[in-house]
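Number of protein chains: 2
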Amino acid sequence: THASRLPAQPTWLDAVAWDERGLVPAIAQEAGSKDVLMVAWMNREALLETWARGQAVYWSRSRQRLWHKGEESGHVQTVLDVRLDCDRDVVLLTVRQEGHEGHGVACHTGRHSCFFHQLDGEGWAAVEPVLVDPERIYR
Amino acid sequence: THASRLPAQPTWLDAVAWDERGLVPAIAQEAGSKDVLMVAWMNREALLETWARGQAVYWSRSRQRLWHKGEESGHVQTVLDVRLDCDRDVVLLTVRQEGHEGHGVACHTGRHSCFFHQLDGEGWAAVEPVLVDPERIYR
Numbered sequence: 148t149h150a151s152r153l154p155a156q157p158t159w160l161d162a163v164a165w166d167e168r169g170l171v172p173a174i175a176q177e178a179g180s181k182d183v184l185m186v187a188w189m190n191r192e193a194l195l196e197t198w199a200r201g202q203a204v205y206w207s208r209s210r211q212r213l214w215h216k217g218e219e220s221g222h223v224q225t226v227l228d229v230r231l232d233c234d235r236d237v238v239l240l241t242v243r244q245e246g247h248e249g250h251g252v253a254c255h256t257g258r259h260s261c262f263f264h265q266l267d268g269e270g271w272a273a274v275e276p277v278l279v280d281p282e283r284i285y286r
Numbered sequence: 148t149h150a151s152r153l154p155a156q157p158t159w160l161d162a163v164a165w166d167e168r169g170l171v172p173a174i175a176q177e178a179g180s181k182d183v184l185m186v187a188w189m190n191r192e193a194l195l196e197t198w199a200r201g202q203a204v205y206w207s208r209s210r211q212r213l214w215h216k217g218e219e220s221g222h223v224q225t226v227l228d229v230r231l232d233c234d235r236d237v238v239l240l241t242v243r244q245e246g247h248e249g250h251g252v253a254c255h256t257g258r259h260s261c262f263f264h265q266l267d268g269e270g271w272a273a274v275e276p277v278l279v280d281p282e283r284i285y286r
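Here the protein sequences line up with chains A and B, keeping their order.
Residue numbering for the first sequence follows UniProt numbering, beginning at 148 and increasing consecutively.
Residue numbering for the second sequence follows UniProt numbering, beginning at 148 and increasing consecutively.
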């Protein structure tokens with residue numbers, strides 16, 4: 148049959164509670180430091196690619212395509228563990244953040260983590276240093 | 148004027164990139180262990196209450212009301228730090244998970260963390276122990 152020519156998708160993808168857009172949020176947490184680096188979105192293909200490659204692949208909502216993290220910057224994320232929460236609607240990756248002389252730069256602003264705005268009661272202060280010039284990341 | 152009788156909302160709430168439903172995902176990360184405990188949702192009121200109380204308050208999408216985490220179970224989360232990511236659409240809380248003899252049970256299943264399903268290539272295996280009988284949590 149024609150159906151047999153379709154690539155088989157593993158049944159564990161069906162266990163995920165994809166939202167009405169077919170997406171779930173995915174957290175990247177750094178192995179070792181256990182810092183939360185970033186949150187992005189995944190669809191079925193992104194999660195399958197992440198597992199197959201052993202590197203984080205997200206779904207870019209703005210570009211509406213798969214986004215192999217680090218494809219431009221070299222800041223790929225090697226995936227060591229993949230978790231799903233009790234409601235099965237959030238993914239947690241344990242990753243090793245590669246790139247730029249071991250600085251572990253996950254954020255497009257050149258910072259280690261994307262969570263660099265800290266609430267101090269008056270506003271959100273940027274409290275993490277810029278480790279790499281962003282213009283050097285996307286050249 | 149009548150406008151002056153409205154409760155003033157701090158301007159830092161406007162800096163958050165609320166989605167089309169007026170929500171953002173919020174990650175609760177345990178201080179010390181740095182374990183990611185859970186992800187829930189916040190609207191403006193939930194984030195404001197979280198800051199005002201110093202305890203995590205989420206927006207329950209299923210019950211469509213504010214959800215003061217631990218209000219039934221006693222498993223409140225004392226909030227030590229509030230972060231916002233580069234895109235300003237995800238909140239990260241650093242919390243101390245209270246309740247049940249210091250077990251730090253965040254999950255309604257009686258586990259430490261909600262992220263207890265681990266992908267092993269065949270499926271999602273439950274790899275974290277149940278520390279507290281769920282029936283003891285919501286009695």
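Glycine included, each C-beta is placed from N, C-alpha and C at the ideal position.
Under 8 Å between C-beta atoms of residue i and residue j
{"i": "residue 189 of chain A", "j": "residue 254 of chain A", "result": "no"}
{"i": "residue 178 of chain A", "j": "residue 283 of chain A", "result": "no"}
{"i": "residue 279 of chain A", "j": "residue 257 of chain A", "result": "yes"}
C-alpha gap between residue i and residue j, whole angstroms
{"i": "residue 196 of chain B", "j": "residue 156 of chain A", "result": "43 Å"}
{"i": "residue 204 of chain B", "j": "residue 193 of chain B", "result": "5 Å"}
{"i": "residue 169 of chain A", "j": "residue 162 of chain A", "result": "13 Å"}
{"i": "residue 245 of chain A", "j": "residue 210 of chain A", "result": "23 Å"}
{"i": "residue 267 of chain B", "j": "residue 191 of chain A", "result": "17 Å"}
{"i": "residue 173 of chain A", "j": "residue 213 of chain A", "result": "14 Å"}
{"i": "residue 275 of chain A", "j": "residue 263 of chain A", "result": "5 Å"}
{"i": "residue 220 of chain A", "j": "residue 261 of chain B", "result": "32 Å"}
{"i": "residue 167 of chain A", "j": "residue 166 of chain B", "result": "14 Å"}
{"i": "residue 171 of chain B", "j": "residue 187 of chain A", "result": "13 Å"}
{"i": "residue 216 of chain A", "j": "residue 224 of chain B", "result": "32 Å"}
{"i": "residue 277 of chain A", "j": "residue 231 of chain B", "result": "16 Å"}
{"i": "residue 148 of chain B", "j": "residue 200 of chain B", "result": "Caution is warranted here: a pLDDT of 47 is assigned to residue 148 of chain B, below 50, making its placement in the model unreliable, and no coordinate value can be reported."}
{"i": "residue 273 of chain A", "j": "residue 265 of chain B", "result": "34 Å"}
{"i": "residue 281 of chain A", "j": "residue 218 of chain A", "result": "15 Å"}
{"i": "residue 259 of chain B", "j": "residue 181 of chain B", "result": "12 Å"}
{"i": "residue 206 of chain B", "j": "residue 222 of chain A", "result": "34 Å"}
{"i": "residue 202 of chain A", "j": "residue 202 of chain B", "result": "35 Å"}
{"i": "residue 233 of chain A", "j": "residue 233 of chain B", "result": "27 Å"}
Nearest-angstrom beta carbon gap, residue j and residue i [assumed within contact, 8 Å]
{"i": "residue 226 of chain B", "j": "residue 240 of chain B", "result": "5 Å"}
{"i": "residue 176 of chain A", "j": "residue 229 of chain B", "result": "Not really, about 18 Å apart at Cβ, beyond 8 Å."}
{"i": "residue 270 of chain A", "j": "residue 159 of chain B", "result": "5 Å"}
{"i": "residue 208 of chain B", "j": "residue 164 of chain B", "result": "The pair is not a contact, with the Cβ atoms about 18 Å apart (cut-off 8 Å)."}
Min CB distance residue i to chain A below 8 Å
{"i": "residue 266 of chain B", "result": "yes"}
{"i": "residue 223 of chain B", "result": "no"}
{"i": "residue 270 of chain B", "result": "yes"}
Chain B within 8 Å of residue i, Cβ atoms only
{"i": "residue 164 of chain A", "result": "no"}
{"i": "residue 185 of chain A", "result": "yes"}
{"i": "residue 161 of chain A", "result": "no"}
{"i": "residue 230 of chain A", "result": "yes"}
{"i": "residue 188 of chain A", "result": "no"}
{"i": "residue 148 of chain A", "result": "Only weak support is given to the placement of residue 148 of chain A: the predicted model assigns it a pLDDT of 46, under 50, and the value that follows is read from those uncertain coordinates. No - not a single Cβ of chain B is within 8 Å of the one on residue 148 of chain A."}
{"i": "residue 257 of chain A", "result": "no"}
{"i": "residue 277 of chain A", "result": "no"}
The ligand ADP heavy atom lying under 7 Å from the CB of residue i
{"i": "residue 257 of chain A", "result": "With respect to the ligand ADP, the structure offers nothing, as it holds no ligand at all."}
If contact means a Cβ-Cβ distance below 8 Å, which residues of the region 166-179 of chain A contact chain B?
172, 174, 176
Chain-ordered residues of the region 206-220 of chain A with a beta carbon less than 9 Å from chain B:
none
Beta carbons nearer than 9 Å to chain A: which residues of the region 235-255 of chain B have them?
235, 236, 237, 238, 239, 254, 255
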